[in-house]
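This report concerns only the one structure given below.
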Amino acid sequence: MSGHGTPIPMTSHPCGPLTGTAEVPGDKSISHRSLILGAMAVGETKISGLLEGEDVLDTAKAMRAFGAEVTDHGNGEWAVHGVGVGGFAEPDQVIDCGNSGTGVRLIMGAMATCPISATFTGDASLNKRPMARVTDPLALFGTQAVGRSGGRLPMTIVGAAEPVPVRYEVPVPSAQVKSAVLLAGLNAPGKTVVIEKEATRDHSERMLAGFGADVTVEDTDEGRVITLTGRPELKPQVIAVPRDPSSAAFPVCAALITPGSDVLVPGIGLNPTRAGLFTTLREMGADLTYENERIEGGEPVADLRARFSPDMKGIEVPPERAASMIDEYPVLSVVAANASGTTMMGGVKELRVKESDRIDAMARGLRANGVTVEEGDDWWSVDGLGIGRIPGGGTCESFLDHRIAMSFMVMGMGAKTPVSVDDGGPIATSFPIFEPLMASLGARVDRT
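Per numbering that gives the first Met the number 0, the very first residue in the sequence shown carries number 0; after that it's consecutive.
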């Protein structure tokens with residue numbers, strides 16, 4: 000069931016052409032970071048285009064709990080009056096981060112070097128997810144963490160009263176872990192260094208520099224080395240949040256597999272550390288083009304046009320691309336099922352510890368709808384049936400995972416018979432307008 004209420008079963012029906020403009024919500028990663036860094040700056044940060052899904056709203060509530068003044072001016076316009084680096088107050092209540100692994104891990108990092116304590120919890124899905132990957136490096140600063148067995152929430156973080164700078168090599172590619180360490184390093188004296196063997200999304204580095212932090216990025220023989228000088232005074236910013244490429248993936252992929260479709264998705268962030276899905280789709284033969292390419296707020300942006308693509312082929316996705324599209328593998332597997340030949344996806348063990356075990360969740364649902372899937376600890380493959388040949392008719396478990404639910408709703412649009420999910424409620428965490436937006440394009444998704 001949904002962590003935010005009664006389960007909402009949904010069914011997606013085969014449909015005619017999807018046409019029109021899909022104005023997807025603001026980028027979730029940038030929205031979280033805008034609120035957190037705004038709360039750590041001195042003065043007022045103004046944000047437009049903020050994603051107003053439950054995940055981000057929970058982060059806004061958390062920043063208020065730590066003492067920042069966060070104001071919703073309507074229509075995605077927000078203001079944050081920050082308290083400065085190291086200025087967080089101790090919250091009076093438990094911090095509930097809902098379904099958001101990004102939110103809880105980044106907030107833990109931001110408060111880890113403040114001399115305060117805070118207790119974190121979340122919904123049923125988040126409380127199953129491992130936090131040691133963040134609390135272990137935070138302990139190097141002098142932070143303490145006490146949680147449930149296996150390093151799970153609820154968890155109390157005791158911030159380091161006298162933090163020390165850290166040099167940390169991220170063992171598994173994770174933008175959340177990297178970002179948590181960098182945010183903790185803001186209130187540690189000296190230089191905090193994070194080393195990535197594989198580059199992950201770099202929104203934190205870009206935004207830290209934009210807020211006035213001294214941060215450098217260098218590619219070396221040991222990997223990507225990010226160096227942050229602690230104790231800066233962050234300067235408030237005016238931030239226009241680009242539209243989320245992870246949300247754009249759903250109308251884009253739906254258009255590719257639905258006959259006659261032609262969908263424009265404007266203003267999508269195309270940061271190279273996030274755009275791996277679109278590169279992969281084009282390699283498969285998708286009719287996907289970039290229009291009006293430009294730079295907005297330091298981030299590359301373009302309008303995406305996706306047209307029905309009946310001749311897509313299965314490919315082997317390079318494992319080194321995984322970090323740039325880790326959230327998009329579920330919906331990619333739906334496209335792969337509509338291609339001809341086998342699509343192999345390797346280097347993806349991170350999918351096992353997302354909101355759900357996404358490899359297992361997608362494999363179960365795909366098989367329930369007539370698709371052959373093979374899987375291992377760090378890989379999976381989908382045998383494509385070709386456009387319009389997925390039998391459908393199955394009911395899939397969403398495992399409290401918004402991306403799993405939306406991926407199966409996309410699959411139903413191009414299947415022979417409807418596809419259902421047991422609970423579409425979690426979709427609201429990242430894409431609260433998913434249903435009306437897809438309906439405006441011609442899709443039929445019912446609450447059943």
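The beta-carbon is built from N, C-alpha and C at its ideal position, and this holds for glycine as well.
Since we're looking at a predicted model, the values are computed, not measured.
*Considering only the beta carbon of each residue, do Thr112 and Ala187 sit closer than 8 Å?*
With contacts defined by Cβ atoms closer than 8 Å, Thr112 and Ala187 form a contacting pair.
*Element boundaries [beta strand (DSSP E), containing Ile267]*: Bounds of the beta strand (DSSP E) holding Ile267 are 261-268.
*By how many angstroms is the C-alpha of His12 removed from the C-alpha of Lys196?*
Straight-line spacing of the CA atoms in Lys196 and His12 works out to 43 Å.
*What is the residue span of the beta strand (DSSP E) that Phe119 lies within?*
Secondary structure note for Phe119: its beta strand (DSSP E) is the uninterrupted segment 116-120.
*How many Å lie between Ala179 and Pro390 at the Cα?*
The C-alpha of Pro390 is placed about 43 Å away from the C-alpha of Ala179.
*Could you give the residue range of the beta strand (DSSP E) that holds Thr191?*
For Thr191, the uninterrupted beta strand (DSSP E) run begins and ends at 190-195, by DSSP.
*Under three-state DSSP, which class holds Ser355?*
Residue state, collapsed to three classes: coil.
*Specify the secondary structure class of Arg443 as computed by DSSP and reduced to three states.*
In the structure shown, Arg443 sits in a strand (DSSP, three-state: E or B).
_Quick check on Val330: buried or exposed, where buried means 16 or more other Cβ atoms within 10 Å of its Cβ?_
With 16 or more Cβ atoms within 10 Å of its Cβ, Val330 is classed as buried.
_Tell me which residue opens and which closes the alpha helix (DSSP H) that Asp135 is part of._
Unbroken alpha helix (DSSP H) run through Asp135: 131-138.
_Can you tell me where the beta strand (DSSP E) holding Arg147 begins and where it ends?_
It spans 143-147 - the beta strand (DSSP E) in which Arg147 sits, taken as one unbroken run.
*Terminal residues of the continuous alpha helix (DSSP H) containing Glu204?*
202-209 is the extent of the alpha helix (DSSP H) around Glu204.
*Hey, Met283 and Lys312 are a contact pair by Cβ (cut 8 Å); roughly how many whole angstroms apart?*
Between the beta-carbon of Met283 and that of Lys312 there is about 6 Å, and that keeps the pair under the 8 Å contact cut.
*Alpha-carbon to alpha-carbon, Arg402 and Thr447*: So the two alpha carbons sit approximately 19 Å from each other.
_Under 8 Å: do the stretch 333-348 and the stretch 293-304 share three or more Cβ pairs, one atom per stretch?_
Below 8 Å, too few C-beta pairs join the stretch 333-348 and the stretch 293-304 to call them touching: fewer than three.
_Inter-residue CB distance, Met455 and Leu276 (contact presumed, cutoff 8 Å)_ = Any answer about residue 455 is impossible in this case: the structure gives the chain only from 0 up to 447.
*Can you give me the Cβ contacts of Ala362 inside the same chain, cut-off strictly under 7 Å, excluding the 5 residues immediately before and after it?*
Cβ neighbours of Ala362 beyond the five flanking positions: Val372, Glu374, Trp379.
*Per DSSP, what kind of secondary structure is Gly2 in: helix, strand or coil?*
Only weak support exists for where Gly2 lies, its pLDDT of 47 falling under 50; the value from the coordinates is given anyway. Gly2: coil per DSSP, three-state reduction.
*How many whole angstroms separate the CB atoms of Glu68 and Pro431, which I take to be in contact at a CB cut-off of 8 Å?*
About 24 Å separates the two Cβ atoms, so there is no contact after all.
*Below 8 Å on the Cβ atoms is my guess for Leu182 versus Gly108; work out the distance and round it to an integer in Å.*
For a cut-off of 8 Å, the C-beta gap from Leu182 to Gly108 is around 4 Å, short enough to register as a contact.
*For Ser308, which of helix, strand or coil comes out of DSSP?*
Secondary structure of Ser308 (DSSP, three-state): coil.
*Got a sec? Which residues, its chain only, sit under 7 Å from Phe465 by beta carbon, not counting five neighbours each side?*
Nothing can be reported for residue 465, as the shown portion of the chain is limited to 0 through 447.
*Given Gly189, which residues of its chain have a CB within under 7 Å of its CB, disregarding the five upstream and five downstream residues?*
Excluding residues within five positions, the ones whose Cβ falls inside 7 Å are Pro164, Gly229.
*For the alpha helix (DSSP H) holding Ile7, just list the boundary residues, first then last.*
Annotation for Ile7: no alpha helix (DSSP H) segment contains it, and DSSP assigns it neither H nor E.
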